[in-house]
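S.K.: Convert by adding 1234 to the 1-based position in the sequence shown; the result is the number in this note's numbering. From the three backbone atoms N, C-alpha and C, an ideal C-beta is built for every residue, glycine too.
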Amino acid sequence: MAKEKISKREYPWKTKIGDSEYTFRLMTTQDRDAMLEFARGLPEGDLLFLAVDITNQRAVDDWIRRLNEGSLRTVLVEQDGKLVGHGSLIHEEQVWTRHLGGMILLLAPEVRGKGLGHSLAGELFSYAEELGLLKVMARMAADQKGAIQVFEKMGFKMEALLADCVIDREDRTHDLIIMSYDVTGHSV
Ligand SMILES: CC(C)(COP(=O)(O)OP(=O)(O)OC[C@H]1O[C@@H](n2cnc3c(N)ncnc32)[C@H](O)[C@@H]1OP(=O)(O)O)[C@@H](O)C(=O)NCCC(=O)NCCS
């Protein structure tokens, strides 16, 4: 299939799934408390494997610093004005992995399985393409079997398994899975 030129996304935008309407918009400095509240409301099983501990105020402040620097973009999903998830793309220009982006997706359990993860990934693939990135990487613990299946369905391929490279909130180590998505083959 011929690759189409992807136009820049405009925010906010809304989508209806079933009876619910979801708003996608970019995170700003003003969203600090909403992000903390969202993270602190997640079930323990999700908190175990947060790549960045966004239940912690200092971690969210650092997140916002990176947003303002431009090395991170976060697309928020809201339902009735309440934050129910985010998709984020991290990229660093001054390093030898400057052609890579790192993707984090996190949705509240009650809004999973409705296609929102797929939509967030699409937003971030388009942004990665705007930035000229070649690959988007996703990292998860080997125990996150559901998430691995979801990322495979979204077109990510398994790249590596690194033994004991994740440590959870209870100080137990787990194997780290690295998956990648080829942005240059992406078209919408
Ligand atoms: C991973 C996550 C963001 C996925 O979002 P989601 O909105 O539930 O996913 P979607 O509904 O868009 O589904 C995407 C695809 O995965 C499939 N899928 C959804 N849940 C699945 C599951 N539990 N097992 C297998 N496949 C699943 C869907 O059918 C869809 O496939 P399709 O495109 O062929 O129809 C969400 O489950 C989540 O927040 N998990 C906890 C955080 C996490 O583990 N993040 C990963 C590390 S960054």
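(1) Tyr1256 bridges to which residues according to DSSP?
(2) With distance defined between alpha-carbon atoms, name the residue in Ala1268, Gly1279 and Gly1389 nearest to Val1311.
(3) In the DSSP output, which residue or residues are listed as bridge partners for Asp1416?
(4) Roughly how many angstroms lie between the CA atoms of Val1294 and Gly1304, to the nearest whole one?
(5) Grab me the residues of Leu1367's own chain with a C-beta within less than 8 Å of its C-beta, minus the 5 sequence neighbours each way, in chain order.
(6) Quick check: Met1204 and Phe1390, are their CB atoms within less than 7 Å of each other?
(7) On the premise that Lys1369 lies in contact with Tyr1415, defined as a C-beta separation below 8 Å, what is that separation, rounded to the nearest angstrom?
(8) Indicate the three-state DSSP secondary structure (helix, strand or coil) for His1342 in the structure shown.
(9) Output the distance between the C-alpha atoms of Glu1344 and Ala1397, rounded to the nearest integer angstrom.
(10) First and last residue of the alpha helix (DSSP H) that includes Val1384?
(11) Spell out a yes or no on whether the segment 1249-1267 and the segment 1347-1358 are touching, meaning 3 or more CB-CB pairs, one atom from each, closer than 8 Å.
(12) In the DSSP assignment, find the alpha helix (DSSP H) that holds Ala1293 and state where it starts and stops.
(13) Take Leu1270 and list the residues in its own chain whose beta-carbon comes closer than 8 Å to its own, dropping the five residues that flank it on each side.
(14) Given this structure, state the Cα-to-Cα distance separating Asp1405 from Leu1282, to the nearest angstrom.
(15) In its own chain, which residues sit with a C-beta less than 6 Å from the C-beta of Cys1399, not counting the 5 before and 5 after it?
(16) Can you tell me whether DSSP reads Arg1307 as helix, strand or coil?
(17) Roughly how many whole angstroms lie between the Cα atoms of Phe1272 and Gln1383?
(18) With burial defined as no fewer than 16 other Cβ atoms inside 10 Å of the residue's Cβ, what is the status of Arg1307: buried or exposed?
M.R.: Reading from the atomic positions:
(1) Thr1249 and Gln1313
(2) Ala1268
(3) Lys1369
(4) 15 Å
(5) His1325, His1333, Leu1334, Gly1335 and Val1417
(6) The structure shown does not extend to residue 1204, since the chain spans only 1235 to 1422, so no value can be given for it.
(7) 7 Å
(8) Note on identity: in this sequence residue 1342 is Ala, with His being the wrong assignment. Three-state result, Ala1342: coil.
(9) 32 Å
(10) Lys1379 to Lys1387
(11) yes
(12) Gln1291 to Glu1303
(13) Ile1288, Thr1289, Gln1291 and Val1294
(14) 10 Å
(15) Leu1410
(16) strand
(17) 24 Å
(18) buried
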